[in-house]
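In my numbering, the protein residues as written are 1093 to 2017. Ideal placement from N, C-alpha and C gives every residue a C-beta, glycine not left out.
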Amino acid sequence: MAENGKHLVYLIDGSGYIFRAYHALPPLTRPDGTNVGAVSGFCNMLYKLLDETLQSGKATHFAVIFDHSSKSFRNEIYSDYKANRPPPPEDLVPQFPLFRDAVRAFGLPCIEMEGYEADDLIATYTEQAKADGHDVVIVSSDKDLMQLVDGGVTMLDPMKNRPIGRAEVREKFFVEPERVVDVQALAGDSTDNVPGVPGIGIKTAAQLIEEYGDLENLLAHAEEIKQPKRRQNLIEHAELARISRDLVRLKRDVEVEHDIDGFIIGAPDPAPLIGFLEAQSFRTLTSRVRARFGGEEGQALNEVAETPPPEDAEYELIQDMAALEKWIAEIRKCGFVAVDTETNSLDAVAADLVGISLSTAPGHACYIPLRHRGAAPDGELDLGGGAADAPKQIPLADAIAALRPVFADPGILKIGQNIKYDCTVLQRAGAPMHPIDDTMLLSFVLDAGAHGHGMDELSRLHLDYTPIPYKEVAGTGKAQITFDRVPLDKALDYAAEDADITFRLWRVLKPRLAQEHMATVYETIERPLVPVIAAMEQAGIKVDAEILRELSNDFELRAAEIESDIHALAGESFNIGSPKQLGEILFDRMSLGGGRKGKTGAYATGADILEDLAAQGHELPRRVLDWRQLTKLKSTYTDALQKEINPLTGRVHTAYHMAGASTGRLASSDPNLQNIPIRTEEGRKIRRAFVAEKGCKLISADYSQIELRILAHIADIEALKGAFAEGADIHALTASEVFGVPLAEMDGATRRKAKAINFGIIYGISPFGLARQLQIPQGEAKSFIDAYFERYPGVKDYMDQAREQAREHGFVETLYGRRIHLATIRDKNPARRSFAERAAINAPIQGSAADIIKRAMIRIPAALDDAGLAAKMLLQVHDELIFEAPEDQVDATIKAVKTTMERAARLSVPLTVEAGVGDSWADAH
DNA sequence: TAAGTCACG
DNA sequence: GACGTACGTGACTTAT
């Protein structure tokens, strides 16, 4: 402590630091365009300051404080507050989360709070420190903070290292710090868009305040002002002056979540700090830190070799509040924690929380059982009573109350594997988590296409350890028990291990993000998308069970009729659903053309084959196709969807998989709402069952031809770009160019061929594939493709270059830098290699489209909120978003959504979005 | 658990 | 000239 017994609290304006670092340092640009210059400058400044204050021994407390977002309570006082601020530079945005990571790596409190600017938090902590009799140093040069200066409170300009005290404030504002607010209220501030009073600058304001004491007194005596223009302005704009005062006056009584006692300074733990700095490749600072704070080589965050394997770890079972509090204190100290929840269901929207596990270091993890019951009695139905007694555990509400502030603390990073699931479960339990990191998504941006991203697979791959299988604790099949029935000793081993492994994976994967230049994709796309998708899943969509029941009945009756027709035509009864039996009927008994196919030697009976037979005039295959359609619709949709309606919400809540599709697309399951029928009239009826809530409408907004537009942009095809700019019919244009038919004479068949070519191009066209699609000879298909490439040589170039890039580097990239690895691109098997080559052509196009709609989805909640709209985003179907909006807000919602979607990318072709409205999804499309 | 089939973009 | 194909998914049914 300081020698005179007085404490000295350092409060660093983190947001100010960021911008000073950004503008002071030359951009440090990497091949992927990621700029880490500001992070580097920030770390250097922070290190220097921390080093000096530690050496001087005067500072006792230290905290870094950030703006939470651009919106604060001031926007409610004055909506234009900071409205003329340009958005932060594009190369700075992806660095934002790294600044927080840096602060945590230094072992310093990282403070921010929703709805408040850093300045308000600094003002509040300053006030608290003063009340406790401490002195304060505010590290910032922001003039808005000068109102806080007084005897015990000074500021420190971080660049010039110059103290700012009363004298310096007088130099700037010509008044004492206590009157700075009044002067600012009169003079206004163009950078923050604080209006002030017209015609009054700082000098005049200071004179007036000097003369009249304060703003209120001045306004009360405005009539006495001699200069007519000034008098009139003061009278006329008195209210504007008062609003301005409210804007510039800092709030000193924010209900902050942290106590300054938590800011007590200490030397940073070298291991995580060095790990962080090495991950950013800040070599000079790394060695400086090593020299100053110690830390062995090989102690870095990304090196885990020395830690014991998970099987040797001793985990802690938490059964009382004292033990939980110890963990919470530890989490607060290190600033991050791996979290895993155990539940009784895989469906996050239906699952009950059963327990929580936490880990803050490799091998160091705990499990907190919360809703475990005794084992179910053997061989009997459990009716809630007869089971063994529930084990000792902390009451759920108490544990949640204790963990809630930790999970909500912006300075504590919550790490999870597929954390969207845990976010939903914990949010429903009353303890939402923010900020978050996700090891599954880290793996996904680093290694999409290389391997899967499930925890078991990642553990085996990166940690050389096979986790305890779930089956081992819960059993399998009919005897499987829910996790709340698992005995605590087994639950502890399994659950705590998951948190441990998650933490270890994070230590391996997180540093790779910067090293491999994937921070931008992760920070600007995947990480911010997590809460957006979680909200969509929780919102669900209303489904009318009655409509589905009626359709099921209709389909069933008609399928039964067709079934007897088929049996009559076949001359015997057989299982139409069995491809084996059907094949034998068709090709053996009826001896129609078309032989065996496939590895298994079974007859192929796919739709294309039956279609051929039907075209030859055979009745039975035609009827089988009809039967298949109806039974498919019934079993996969009208029957299955009814079972998926959540009884509590009356809605269907799909699960979106963020790491499912290697191209970056989302996948949907349980149920899959991305493949609801639309192409046939019968199938489309199913969409009538997807309805809006009373008083609401469904809105569908879809990107028009997004993949072809991306192709035109990436391959830089002037003719295609021109066509899109003019809003031309792109397939007709292709037909005209490739087949030489004038647009005015275009016929449907020619246009259809061109459309198939356009789709084929996106898929990595082959003569075989196009021939099959168009039912034409391969030679003809080849000549179409040749003609296309002749007309659009740029497309050919793009394809060659995609193949080459994939062969050379093993991956291709989207417009936003997402990488898709192609594991078999150098395979000696030509089939597998060709497959990878076609995927290499398709992935940048499909993946860029996925990036664009994700960018839109991230921006949409704020866009709706800013427009005061209550609409909810419910579904995503690759190029389409579905919303539910109050009827009277439909037009405004469409406008906001369309604008946001169209502006989500800046391409050399326009992006257009088409929207529809209706009471059901069928009507909205 | 794999294979066949078919729903979507 | 190999190999066997349009790109990306998930669900259901039958067969093993």
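Inset, instruction - List the residues that DSSP assigns as beta-bridge partners of residue 1903. - result: 1913
Legend entry - Contact check, residue 1410 vs residue 1486, beta carbons under 8 Å: In terms of Cβ geometry, residue 1410 and residue 1486 form a close pair [threshold 8 Å].
Inset, instruction - Grab me the residues of residue 1942's own chain with a C-beta within less than 7 Å of its C-beta, minus the 5 sequence neighbours each way, in chain order. - result: 1755, 1756, 1757
Legend entry - Boundaries of the alpha helix (DSSP H) in which residue 1675 is found, first to last residue: 1671-1675
Inset, instruction - Taking residue 1537 as part of the alpha helix (DSSP H), name the residues at either end of that continuous run. - result: 1531-1539
Inset, instruction - Kindly indicate which three-state DSSP category residue 1756 falls into: helix, strand or coil? - result: coil
Legend entry - Three-way DSSP call (helix, strand, coil) for residue 1245 in this model: strand
Legend entry - Alpha carbon of residue 1357 to alpha carbon of residue 1115, nearest angstrom: So the alpha carbons of these two residues sit roughly 29 Å apart.
Inset, instruction - Can you have a look at residue 1964 and say buried or exposed, based on whether 16 or more other CB atoms are within 10 angstroms of its CB? - result: buried
Legend entry - Simplified DSSP assignment, three categories, for residue 1993: Reduced to three states, the DSSP call for residue 1993 is helix.
Inset, instruction - Return the Cβ separation of residue 1604 and residue 1428 in integer angstroms, given the expectation that the two are a contact with Cβ distance under 8 Å. - result: With 8 Å as the limit, residue 1604 and residue 1428 do not qualify as a contact, their Cβ atoms being about 17 Å apart.
Inset, instruction - Evaluate contact between the segment 1527-1544 and the segment 1611-1620, counting only Cβ atoms and requiring at least three cross-stretch pairs below 8 Å. - result: yes
Inset, instruction - Measure the C-alpha to C-alpha separation of residue 1712 and residue 1705 and round it to an integer number of angstroms. - result: 9 Å
Inset, instruction - Return the CA-CA distance between residue 1345 and residue 1301, expressed in angstroms with no decimal places. - result: 26 Å
Inset, instruction - State the CB to CB distance for the pair residue 1799 and residue 1856, rounded to an integer number of angstroms; the pair is presumed to be in contact (CB under 8 Å). - result: About 12 Å separates the two Cβ atoms, so there is no contact after all.
Legend entry - Exposed unless 16 or more other CB atoms sit within 10 angstroms - verdict on residue 1842: So residue 1842 counts as buried.
Legend entry - Sequence-distant residues of its chain with Cβ nearer than 7 Å to residue 1436 (five each side left out): 1443, 1444, 1446, 1574, 1575, 1576
Legend entry - Cβ neighbours of residue 1760 in the same chain (closer than 6 Å, five flanking residues each side left out): 1746, 1748, 1766
Inset, instruction - For residue 1506, write down the residues that DSSP places opposite it in a beta bridge. - result: For residue 1506, which the question treats as bridged, DSSP gives the partners 1429, 1528.
Inset, instruction - May I ask which residues mark the beginning and end of the alpha helix (DSSP H) holding residue 1108? - result: For residue 1108, the enclosing alpha helix (DSSP H) begins and ends at 1106-1116.
Legend entry - Alpha-carbon to alpha-carbon, residue 1112 and residue 1257: 21 Å
Legend entry - Residues sharing a beta bridge with residue 1456, DSSP: Answer by DSSP bridge pairing, in chain order: 1453.
Inset, instruction - Starting from the C-beta of residue 1639, find all residues in its chain whose C-beta is less than 7 Å away, skip the five residues before and the five after it, and write them out in chain order. - result: 1780, 1781
Inset, instruction - Examine the Cβ distances between the segment 1277-1285 and the segment 1333-1341 and report whether three or more of them are shorter than 8 Å. - result: Contact holds between the segment 1277-1285 and the segment 1333-1341, because three or more Cβ pairs, one in each stretch, are under 8 Å apart.
Inset, instruction - Mind reading off the beta-carbon distance from residue 1811 to residue 1829? Whole number of angstroms is fine, and I expect it under 8 Å. - result: 7 Å
Inset, instruction - Using a threshold of 8 Å, state whether the C-beta atoms of residue 1988 and residue 1967 are closer than that. - result: If you check the CB distance, residue 1988 and residue 1967 do not come in under 8 Å.
Inset, instruction - Check whether the Cβ atoms of residue 1850 and residue 1822 lie closer than 8 Å to each other. - result: yes
Legend entry - Beta-carbon gap between residue 1155 and residue 1355 smaller than 8 Å: yes
Inset, instruction - Would you mind listing the alpha helix (DSSP H) stretches within the segment 1661-1744 that are 4+ residues and don't spill past its ends, in chain order? - result: Fully contained in the segment 1661-1744 are the following alpha helix (DSSP H) runs of length 4 or more, in chain order: 1671-1675, 1699-1707, 1711-1724, 1732-1735.
Inset, instruction - Taking residue 1663 as the reference, give the member of 1234, 1672, 1678, 1650 with the closest Cα. - result: 1678
Legend entry - Assigned secondary structure, residue 1975 (DSSP; H/G/I helix, E/B strand, else coil): strand
Legend entry - Through-space distance from residue 1499 to residue 1525, alpha-carbon basis: 5 Å
Inset, instruction - Using only alpha-carbon positions, find the residue among 1186, 1361, 1786, 1414 that is nearest to residue 1742. - result: 1786
Inset, instruction - List the DSSP bridge partners of residue 1148. - result: Partner(s): none; residue 1148 has no beta bridge.
Inset, instruction - Determine the extent of the beta strand (DSSP E) in which residue 1792 is found, giving its start and end residues. - result: Where residue 1792 is concerned, the enclosing beta strand (DSSP E) stretches over 1788-1795.
Legend entry - Start and end residues, alpha helix (DSSP H) containing residue 1956: Following the DSSP letters along the chain, one finds residue 1956 inside the alpha helix (DSSP H) bounded by residues 1922-1958.
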